[in-house]
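See below for the structure under consideration.
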Amino acid sequence: MADAPDRQISLTDPDARAMATAGKGTGLVGYNLQAAVDAGSHIIVAHEVTNVGHDRTQLANMGRKAREATGSNDLTVLADRGYFSGVEVLACEREGITAICPKPLTSGAKADGRFGKQDFRYEQATDSYRCPAGEALPRRFTSVEQGLRLHAYWSSHCGICTIKPQCTTGKERRVKRWEHEHVIEAMQTRLEHMPDAMRVRRRTVEHVFGTIKDWMGRSHFKTRTLERVGTEMSLHVLAYNMKRAINTLGAPKLIAAMQE
Numbered sequence: 024m025a026d027a028p029d030r031q032i033s034l035t036d037p038d039a040r041a042m043a044t045a046g047k048g049t050g051l052v053g054y055n056l057q058a059a060v061d062a063g064s065h066i067i068v069a070h071e072v073t074n075v076g077h078d079r080t081q082l083a084n085m086g087r088k089a090r091e092a093t094g095s096n097d098l099t100v101l102a103d104r105g106y107f108s109g110v111e112v113l114a115c116e117r118e119g120i121t122a123i124c125p126k127p128l129t130s131g132a133k134a135d136g137r138f139g140k141q142d143f144r145y146e147q148a149t150d151s152y153r154c155p156a157g158e159a160l161p162r163r164f165t166s167v168e169q170g171l172r173l174h175a176y177w178s179s180h181c182g183i184c185t186i187k188p189q190c191t192t193g194k195e196r197r198v199k200r201w202e203h204e205h206v207i208e209a210m211q212t213r214l215e216h217m218p219d220a221m222r223v224r225r226r227t228v229e230h231v232f233g234t235i236k237d238w239m240g241r242s243h244f245k246t247r248t249l250e251r252v253g254t255e256m257s258l259h260v261l262a263y264n265m266k267r268a269i270n271t272l273g274a275p276k277l278i279a280a281m282q283e
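The numbering of the sequence shown is our numbering, which starts it at 24 and goes up by one.
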């Protein structure tokens, strides 16, 4: 197992891998189904089966597949916070795909009752942050962490600040900003202007997964290996889309459309 590239070995299915789950101690070995669903018709326009145990690298990939399938040049993609990745949002931006995906709140300071990064306002004109006490935090240096260029900001007046205990336990409060942070801020603005975005996402895609799982008898995939499971899932998606189209258009119109 130590010699395996991802330090995982499945004796039942060589391609199956551990999937990330919300519950503590509820790990599941299997596959990760990705699906892009049209918000109007609830048709699955693109799907893919992977053995990557998380969704963080799938936002741009599924956006591309959805655009290719629909031929739309004005595509908006809604995803839950499990898909959030600055790199993926940037990739969508560069390809003309409008992404709306909540950013997880991972601030340890906020969890401890202190000010979080969202309490610091970025001022583009001066390339600085304004802290809750009104002090300016100029840019000090740039570093590279996990392949990302990050700018660091802090003030030299933290030591005499009257609300310092509410802000930091260190010498000064440092704020880091990704070089493409403006892309994330623009997405956050879109999310604020569409407060029901996550409700639209849930009612668009969750019932699709629920329906397919119900048709499967709440059971597991019947096949093994990534290629066979992908084929099995494609048949489930085809059956779902056919039934959805019949319910939406009626069988005669669907047959006529297929014959054109």
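For every residue, glycine included, the Cβ atom is placed at its ideal position computed from N, Cα and C.
- Contact check for V252 and A58: beta-carbon distance about 14 Å, past the 8 Å limit, so the pair fails to qualify.
- Membership of P275 in the alpha helix (DSSP H) is indicated by the continuous run 274-282.
- Unbroken alpha helix (DSSP H) runs of no fewer than 4 residues, entirely contained in the region 217-242, are found at 220-224, 230-238, following chain order.
- Three or more Cβ pairs closer than 8 Å define a contact, and the region 193-201 meets that threshold against the region 172-183.
- Shown here for G182: same chain residues with a beta carbon closer than 8 Å to its own, the five before and five after excluded, namely K194, E195 in chain order.
- A check of alpha carbon separations from P188 across L98, S179, A132 identifies A132 as the nearest.
- In this structure, I67 sits near V231, with a CB-CB distance shorter than 8 Å.
- In the DSSP assignment, T165 falls within the beta strand (DSSP E) that extends over 159-168.
- Here M85 is buried: its Cβ has 16 or more other Cβ atoms, across all protein chains shown, within 10 Å.
- Straight through space, the alpha carbons of V206 and L113 are spaced by roughly 6 Å.
- The beta-bridge partner set that DSSP reports for L101 consists of I123.
- A distance below 6 Å between beta-carbons, with the five flanking residues on each side excluded, links Y145 to the following residues of its chain, in chain order: Y152.
- Under the DSSP assignment, N84 falls outside any beta strand (DSSP E), being part of the alpha helix (DSSP H) whose first and last residues are 82-93.
- Here R40 is buried: its Cβ has 16 or more other Cβ atoms, across all protein chains shown, within 10 Å.
- When rounded, the separation of the alpha-carbon atoms in N96 and P275 is 30 Å.
- The beta carbon of N74 sits closer than 8 Å to the beta carbons of D38, A39, R40, Y54, N55, L249 from its chain, once the five residues preceding and following it are set aside; these are given in chain order.
- Sequence-distant Cβ neighbours of E255 in its own chain, meaning closer than 8 Å and more than five residues away, are F244, K245, T246.
- Where E111 is concerned, the enclosing alpha helix (DSSP H) starts and stops at 109-117.
- Residue burial is scored here from C-beta neighbours: R104 has fewer than 16 other C-beta atoms within 10 angstroms and is therefore classed as exposed.
- In the three-state scheme derived from DSSP, where H, G and I count as helix and E and B as strand, T185 is classed as coil.
- Per DSSP, the unbroken alpha helix (DSSP H) holding K133 starts and ends at 131-134.
- DSSP, read as helix, strand or coil, puts L128 in coil.
- DSSP places K199 within a strand segment (E or B) once states are collapsed to three.
- For F138 against C124, the beta-carbon gap comes to about 24 Å, at or over 8 Å, which does not count as contact.
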